[in-house]
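Below is one structure, written out as structure tokens, with a few remarks after it.
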Amino acid sequence: MLAQGVISAWPYRALTISPLNRKGYLWEWVIIADSQTDNSLAGKIFPVEKLWEELYSAGTVTHGSMPLFVLEDGHRISRGLVSTILAFMTMMPQARLLLTGIFNRRQQRELRVLQPVWFEIPAPDSKDYRKVISSHAGIGPETTNTLPEQFIRRCMRRCDGNLHLAARLGGVIRRNKMEGEEHPASIIDASLQREALRYLPAPGRQGVTWLLLLVLTVLCGGGGAYFARPLSRWLPPLTTLLPVEFSRPVSTHARLMAETMSTNESLSLLFSVWGYEVDKGEAWCDQAYRGGMACLSGTETLETLLSDGLPWVATLEVDSASFPVVVIGGGENTLTVLSGNQTWILDKAWFSHVWTGNVTRMWKPSPDGNASITKKSSTDDIVWLDTMLSRVLNVEAEGTGEWSSLLTEKVRQFQAQNKIKVDGVMGQLSLIRLWQSLGESPTLIQERGTI
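Heads up: take any position in the sequence shown, counting from 1, add 667, and you land on the numbering used here.
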């Protein structure tokens, strides 16, 4: 907000520049906004070491002007940030530079040597959270104190300084109260607090996670050294380690229903299939964004789901009782599902008979969160698509950030290899196959046997 205010008030040309990570290790600068419409540089990408040289050659600095360059998220450039600023001061003494970011202590020490005009914006406190939540929840200033202090503290831990999430929480409270709550508008009871907190990210537990990883590493290392000799003569057969029940509608559906899951448990299991360990109390569809995924609920045909090749949660109804299972594989006549800690192979005809048609599934969109990538997509999405397709196809990447005929041909070649409709359009199914080819998305197990 501070940078936008400065840009809007600046009387000369203003360019907003942001760091771009192309291949995981190569950093470059991309112009994301240019206040000058004629000969605009928006979308242009420059190497880190030649940024100011090429901007100067592009005519950004003219006689009698004082352009403003805004470097956003400068903290992401872990190396070479100070040298970049020194190069700017040498080549463009008449221009001005505004650097924004969340800098660590080392970066702050290095930057203070350059004697900048330093603005420190403190993190929002409990009063700020209370004000934002109250405003979006429709709570008047005279009743703001009805929000419990413990509730505000829990919101602060989950939002981690992001007031947009606090605004979302206020909107949840407003919607719940508009649905006909019996309590007065100024009262936020415990049940409404719990319901609202479910829409926020789970609180971080990095310390516990790292401690558990350290203990697990020590145990695995010690166990590996102790049991270095072959263990095959002591281990039971693999089939006894992974119990698989061959289920038929007449004889075994009662055993399948013996240990059913709740909705949250099935979503937690689906997260686990994707490689994320999520507590069942936090396993909600709206938490998928934290893993860069989209979560969809609705109805779909079995043929479409099998064609997509992604695991999903299916709701079965047997003897007037509904329960979810997680489908992880399919064959000609069977489906492989998970229920609790058991794996079942079900007859496809029986599954189709008891399945309600309701599904919950997850998939990974583009890095920018789009369901398709086209020539009108962002530079980041196009660069990512070119890099990933080149990696899968084992060819050279262009790295221009523009949609070219060569990139279209790469898309068509990838679609042909994966038996997708060859149209040169990187739609949802093509993105699913690309993530699966990169090993970052699960795939349905293909069962060849029949029951």
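Note that beta-carbon positions come from the ideal geometry of N, C-alpha and C, so glycine has one too.
Just so you know, these numbers come straight off a predicted model, no measurement behind them.
How should ASP1053 be labelled, buried or exposed, when 16 other C-beta atoms within 10 angstroms of its C-beta is the threshold for buried?
It is buried - the Cβ of ASP1053 has at least 16 other Cβ atoms within 10 Å.
So, helix, strand or coil for MET733, using DSSP?
The answer is coil: DSSP assigns MET733 none of H, G, I, E or B.
In whole angstroms, what is the alpha-carbon distance linking ALA681 and LEU753?
Distance between the alpha carbons of ALA681 and LEU753 is about 19 Å.
By how many angstroms is the C-alpha of PHE990 removed from the C-alpha of PRO903?
Residue placement at PRO903 is poorly supported in this model, since its pLDDT is 48, which falls under 50; the coordinates still yield a value, given next. PRO903 and PHE990: Cα-Cα distance of roughly 32 Å.
Quick one: what does DSSP say GLU764 is sitting in, helix, strand or coil?
The displayed chain sequence assigns Leu, not Glu, to residue 764. It is a strand residue.
With a threshold of 16 other CB atoms inside 10 Å of the CB of LEU867, please say whether the residue is buried or exposed.
Classification of LEU867: buried, given that the 10 Å Cβ count is 16 or more.
Could you say if the segment 1004-1012 and the segment 922-937 meet the contact criterion of at least three C-beta pairs nearer than 8 Å?
Counting Cβ pairs under 8 Å, three or more are found: they touch.
Using the beta-carbon count (16 or more within 10 Å), is THR1027 buried or exposed?
Per the 10 Å Cβ criterion, buried.
Take the Cβ of ILE1112 as the centre, count every other Cβ of all protein chains shown within 10 Å, and call the residue buried at 16 or more, exposed below.
Label assigned to ILE1112: exposed.
Taking all protein chains shown into account, decide if ILE1099 is buried (16 or more other Cβ within 10 angstroms of its Cβ) or exposed.
When all chains shown are included, ILE1099 counts as buried.
Please give me, in chain order, every unbroken run of the beta strand (DSSP E) with length at least 3 that falls completely inside the segment 985-1014.
Complete beta strand (DSSP E) runs here, min 3: 988-998, 1001-1006 and 1009-1014.
Pull up the distance between the alpha-carbon of ILE744 and that of GLY942, whole angstroms please.
Answer to the nearest angstrom: the Cα atoms are 29 Å apart.
Whose C-beta lies closer than 6 Å to the C-beta of LEU934 among residues of the same chain, with five residues either side of it excluded?
Answer for LEU934: ALA950, listed in chain order.
Look at VAL737 and LEU765 and say whether their C-beta atoms are less than 8 Å apart.
For VAL737 and LEU765, yes; Cβs fall inside 8 Å.
According to DSSP, simplified to helix, strand and coil, what is ASP975?
The answer is helix: DSSP assigns ASP975 an H, G or I state.
Cα-Cα, which of GLN703, SER1033, TRP696 and GLU1069 is closest to GLU716?
When only C-alpha atoms are compared, the closest one is TRP696.
Using 8 Å as the Cβ pair cut-off and three pairs as the minimum, do the segment 1039-1054 and the segment 972-982 touch?
Short answer: they don't touch.
With 16 as the cutoff for other CB atoms within 10 Å, does ARG797 come out buried or exposed?
ARG797 is buried by the Cβ-count criterion.
Output the distance between the C-alpha atoms of ARG842 and ASP946, rounded to the nearest integer angstrom.
In a straight line, the C-alpha of ARG842 is about 26 Å away from that of ASP946.
Once you ignore the five residues that flank THR1075 on each side, which residues in its own chain have a CB closer than 6 Å to its CB?
GLY1091.
I'd like the list of long-range same chain contacts for GLU849, defined as Cβ closer than 6 Å, with 5 residues on each side in sequence excluded.
Per-residue confidence for GLU849 stands at a pLDDT of 47, beneath the threshold of 50, marking its modelled position as unreliable; no derived number is given.
From the DSSP output, which residues share a beta bridge with TRP1022?
Partner(s): LEU983.
Using the rule of at least 16 other Cβ atoms within 10 Å of the residue's Cβ for burial, across every protein chain shown, is PRO678 buried or exposed?
That one is exposed.
Going by beta-carbon coordinates alone, are HIS803 and GLY837 separated by less than 8 Å?
Yes, Cβ-Cβ distance for HIS803 and GLY837 is below 8 Å.
What residue range does the beta strand (DSSP E) around TRP694 cover?
Unbroken beta strand (DSSP E) run through TRP694: 694-701.
Using only CA atoms, which one of THR968, ASP986, ILE995 and GLY1068 lies nearest to TRP979?
For TRP979, the nearest C-alpha among the options comes from ILE995.
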